[in-house]
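S.K.:
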Amino acid sequence: MGDINVRLLQNPTDQEFERILDVYQEGFVHDQILNVLGANTRDFFRSRVQAALVDLQLWVVELDGEIGSVGIVSPPGKDLWDTEEKTKIRETVSPKISPTIKQWLDTELEPLHKNRSLIPGGGPEAVYYVHLVSTHPSFQKKGLGTALLGKLEELARRDGSRVALETHTDGAASMYRKNGFRTLFKGVVDFKSELGTGPYYVMVNDCGLP
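Residue numbers (full-length UniProt numbering): 1 to 210.
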């Protein structure tokens, strides 16, 4: 099985930072939404990691000392782009998207994102919200994602809170259900292309509630 270690990373070394970007890029290589946006790039993920290091949580899961899974989490009271400093980070690397893709974002994806308001207590800022979680393909099905979710559940129980997230695949949603999550909303993403459609879930784990 190997030795699994979940660690909150606050000052990553250059080597750790590059490994984190590797895990994100390889883990999301087949993500339809990121591919539509042209956002599966190191710059895109670098901006998210840099924002997390401002005042959020950057979690890594190691197997035998090597980072195999990564998660960006906003604790209660925080959000990914809730400060000017973090917004500027995002703006420096936002992918240049065509008017057609911009229209798709506005008409198809953003209306789905509004369903995050269904998260009890006031939306993402009321919970431990998982923004980006990825496991490197060579580390999948080894318990790393479950270990990370277990750590977040531990924190939510301590604080009397919840853990919430969104996901775009049925397989991931099934895994989250096995780890105590329930579905708040399930919708359909229409890619308006040969990709067809895909699922969109908002899910929550009420672990910290009586």
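Ideal placement from N, C-alpha and C gives every residue a C-beta, glycine not left out. Quick caveat, the model's predicted, so the values are computed rather than measured.
In three-state DSSP terms, what is Thr-135?
M.R.: Three-state DSSP puts Thr-135 in a strand.
S.K.: What does the alpha-carbon distance come out to for the pair Val-36 and Ile-72?
M.R.: Roughly 22 Å between the two C-alpha positions.
S.K.: Kindly indicate which three-state DSSP category Asn-210 falls into: helix, strand or coil?
M.R.: At residue 210 the sequence reads Pro, which differs from the Asn that was named. Looking at Pro-210 - three-state DSSP - the assignment turns out to be coil, as it is neither helix nor strand.
S.K.: With 16 as the cutoff for other CB atoms within 10 Å, does Lys-96 come out buried or exposed?
M.R.: Exposed is the call here.
S.K.: Give me, in chain order, the residues of the same chain whose beta-carbon lies closer than 8 Å to that of Lys-151; leave out the 5 immediate sequence neighbours on both sides.
M.R.: Hits under 8 Å: Val-6 and Trp-59.
S.K.: Would you kindly work out how many angstroms separate the C-alpha atoms of Leu-63 and Asp-3, rounded to a whole number?
M.R.: For Leu-63 and Asp-3, the distance between alpha carbons rounds to 6 Å.
S.K.: Using DSSP bridges, identify the partner residues of Pro-199.
M.R.: Partner(s): Val-188.
S.K.: Alpha carbon to alpha carbon, what distance is there between Thr-92 and Val-204?
M.R.: Approximately 32 Å between the Cα atoms of the pair.
S.K.: Helix or strand or just coil, what does DSSP make of Gly-180?
M.R.: Correct three-state label for Gly-180: coil.
S.K.: Relative to the C-alpha of Glu-194, which candidate in Gln-10, Thr-87 and Gln-32 has its C-alpha closest?
M.R.: The candidate whose alpha carbon is nearest that of Glu-194 is Gln-32.
S.K.: Exposed or buried, Lys-86, counting other C-beta atoms within 10 Å across all chains shown (16 or more means buried)?
M.R.: Counting Cβ neighbours within 10 Å, Lys-86 comes out buried, since at least 16 surround it.
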